[in-house]
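Notes follow once the structure below has been shown.
In the working numbering, the protein residues as written are 927 to 1351.
Now the structure itself:
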């Protein structure tokens, strides 16, 4: 590979009309962003383009004018709408030729399954002049790497199980030799219990100082349902000093935001809570109404959660609130299903029935209907019952559609458990 200059910036283009619909999501770019950052290559942009020759050429040409490295995923199949190989070759002015070794390998793959290779698969053996072929042991479409006027263009298959090992091999080899000494040092903080503007109010006076330093630490604040994320990024040499700088900056923000910071290592709220429960040797159960089992689902998404999750009940109807969690009907009649007394009774009842150390009760109005002026959509009541922690109950008001309300309710419930266990230490 003729090295002209280090690869510093990159763009990713996901190819496929299916990615422009509502049923398929481009997940490859998330994987690529992580791998590029580990090399010290800054991902400057992501694009999704359909199976349209002219539009793909326009998007590719624009990316090539801005980035040192352009990675395209998808569109390397054998059918007429698989255009990536042809469009890239045409845009770069490179002739395509058939590689007999690739065609023979594809024929062997079909033969191993007792099948004849369709002639359309010969298209996957076409290679632009000067391109390096990237082996694909998991599929028929090989990848391609092209040096072009000091930049690099990489073509990868769309299926993640084929794309990921191929790009990992490229990162360990040819790309690693082109990145130079610069690295991207990153740290994160995840915050719960504060809105984005409140986090900004505390954090901005701190991180604004870093912008004047050379090189600067860049700070990005991202608000998602149930939490606020702060991402710290420093582009510098691969030195211990740079890594120490970013960790010190993270520690300064943690000191300012206090117990609202629930993760500094990328762990989700359910992972953090699971770790605390395991550390204390405690178990948990839940009685859920409006969240429909989402809290238990999140807890059990964590490997090894059987160490601390006992189970729970989805008590959606008022009758099942009584049958499954022992909530007295007069309590519901007096206060309504969405009330602090009922949430407390749900938590107490499921803890008594399961024998868990801690139990959560959740009841609320997820919407879009069912709200009243006194209890509008988004009203959720969460209670914590436990032999190891003081009982807690809280009435919350969440915004967004039904999925957002349900997720925020479970996030607040997990955060209630987290804070109780931290303060009970």
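Quick reminder that beta carbons are idealized off the backbone N, C-alpha and C, glycines included.
Roughly how many angstroms lie between the CA atoms of residue i and residue j, to the nearest whole one?
i: residue 1143; j: residue 1162; result: 10 Å
i: residue 943; j: residue 982; result: 11 Å
i: residue 989; j: residue 955; result: 15 Å
i: residue 1347; j: residue 1136; result: 34 Å
i: residue 1026; j: residue 978; result: 28 Å
i: residue 927; j: residue 962; result: For residue 927, the predicted model reports a pLDDT of 41, less than 50, meaning its position is unreliable and no value from the coordinates is stated.
i: residue 1280; j: residue 1236; result: 7 Å
i: residue 995; j: residue 1113; result: 24 Å
i: residue 1239; j: residue 1270; result: 15 Å
i: residue 1350; j: residue 1058; result: 60 Å
i: residue 1118; j: residue 1264; result: 23 Å
i: residue 914; j: residue 960; result: It is not possible to answer for residue 914, since the shown part of the chain is limited to 927 through 1351.
i: residue 1257; j: residue 1267; result: 7 Å
i: residue 1334; j: residue 1151; result: 6 Å
i: residue 1247; j: residue 1286; result: 13 Å
i: residue 1254; j: residue 1306; result: 20 Å
i: residue 986; j: residue 972; result: 11 Å
i: residue 1220; j: residue 952; result: 25 Å
i: residue 1082; j: residue 1243; result: 50 Å
i: residue 1325; j: residue 1303; result: 8 Å
i: residue 1177; j: residue 1169; result: 12 Å
i: residue 1233; j: residue 1318; result: 24 Å
i: residue 1123; j: residue 1196; result: 24 Å
i: residue 1323; j: residue 1316; result: 23 Å
i: residue 1241; j: residue 1190; result: 35 Å
i: residue 1055; j: residue 1074; result: 11 Å
i: residue 1078; j: residue 1301; result: 58 Å
i: residue 1019; j: residue 1034; result: 32 Å
i: residue 948; j: residue 976; result: 13 Å
i: residue 1031; j: residue 1155; result: 47 Å
i: residue 1259; j: residue 1272; result: 15 Å
i: residue 970; j: residue 1192; result: 22 Å
i: residue 1187; j: residue 1076; result: 44 Å
i: residue 1069; j: residue 1206; result: 49 Å
Smallest Cα separation from residue i: which of the options?
i: residue 1277; options: 1293, 1064, 1166, 1250; result: 1250
i: residue 1149; options: 1133, 1223, 1125; result: 1125
i: residue 1340; options: 1253, 1229, 1323, 1225; result: 1225
i: residue 1166; options: 1146, 1156, 1108; result: 1108
i: residue 1158; options: 1020, 1289, 1174, 1072; result: 1174
i: residue 967; options: 958, 974, 975, 973; result: 958
i: residue 1227; options: 1200, 1313, 1316, 1178; result: 1200
i: residue 1090; options: 1004, 1171, 1024, 1000; result: 1000
i: residue 1052; options: 1008, 1034, 1121; result: 1008
i: residue 1283; options: 1075, 1291, 1289, 1274; result: 1274
i: residue 1132; options: 1145, 1072, 1121; result: 1145
i: residue 980; options: 969, 1013, 1312; result: 1013
i: residue 1106; options: 1164, 1115, 1069, 969; result: 1164
i: residue 1291; options: 1311, 1321, 1314; result: 1321
i: residue 1297; options: 1313, 1327, 1311, 1229; result: 1327
i: residue 1023; options: 1260, 1160, 1048, 1207; result: 1048
i: residue 1072; options: 1011, 932, 1029; result: 1011
How far does the beta strand (DSSP E) with residue i in it extend, from its first residue to its last?
i: residue 1117; result: 1108 to 1117
i: residue 1291; result: It is not in any beta strand (DSSP E) - residue 1291 carries neither H nor E in the DSSP assignment.
i: residue 1325; result: Note, residue 1325: premise wrong, no beta strand (DSSP E); not H, not E.
i: residue 1149; result: 1143 to 1150
i: residue 1210; result: 1210 to 1214
i: residue 983; result: It is not in any beta strand (DSSP E) - residue 983 instead sits in the alpha helix (DSSP H) that spans 979 to 992.
i: residue 1074; result: 1069 to 1074
i: residue 1054; result: 1052 to 1054
Taking its Cβ as the centre, do 16 or more other Cβ atoms sit within 10 Å of residue i, making it buried, or is it exposed?
i: residue 1140; result: exposed
i: residue 1223; result: exposed
i: residue 1103; result: exposed
i: residue 1063; result: exposed
i: residue 1295; result: exposed
i: residue 998; result: buried
i: residue 1211; result: buried
i: residue 1067; result: buried
i: residue 946; result: exposed
i: residue 1046; result: exposed
i: residue 1050; result: buried
i: residue 1289; result: buried
i: residue 1005; result: exposed
i: residue 1111; result: buried
i: residue 1021; result: exposed
i: residue 929; result: Annotation note: pLDDT 46 at residue 929 (below 50); position unreliable, coordinate value reported separately. Counting Cβ neighbours within 10 Å, residue 929 comes out exposed, since fewer than 16 surround it.
What first and last residue would you give for the alpha helix (DSSP H) that runs through residue i?
i: residue 1173; result: 1166 to 1183
i: residue 1248; result: 1244 to 1251
i: residue 874; result: Here the chain comprises residues numbered 927 to 1351, so residue 874 is not present and cannot be evaluated.
Could you check whether the Cβ of residue i sits closer than 8 Å to any Cβ belonging to chain C?
i: residue 1103; result: Among the chains in the structure shown there is no chain C, since it carries only a single protein chain.
**Report entry** Cβ contact check for the segment 1036 to 1044 and the segment 1083 to 1097: 3 or more pairs under 8 Å
**Finding:** no
**Report entry** Cβ contact check for the segment 1180 to 1196 and the segment 1212 to 1220: 3 or more pairs under 8 Å
**Finding:** no
Query raised in the report: Three or more C-beta pairs closer than 8 Å, one from the segment 1073 to 1091 and one from the segment 1301 to 1316: is that the case here?
Result: no
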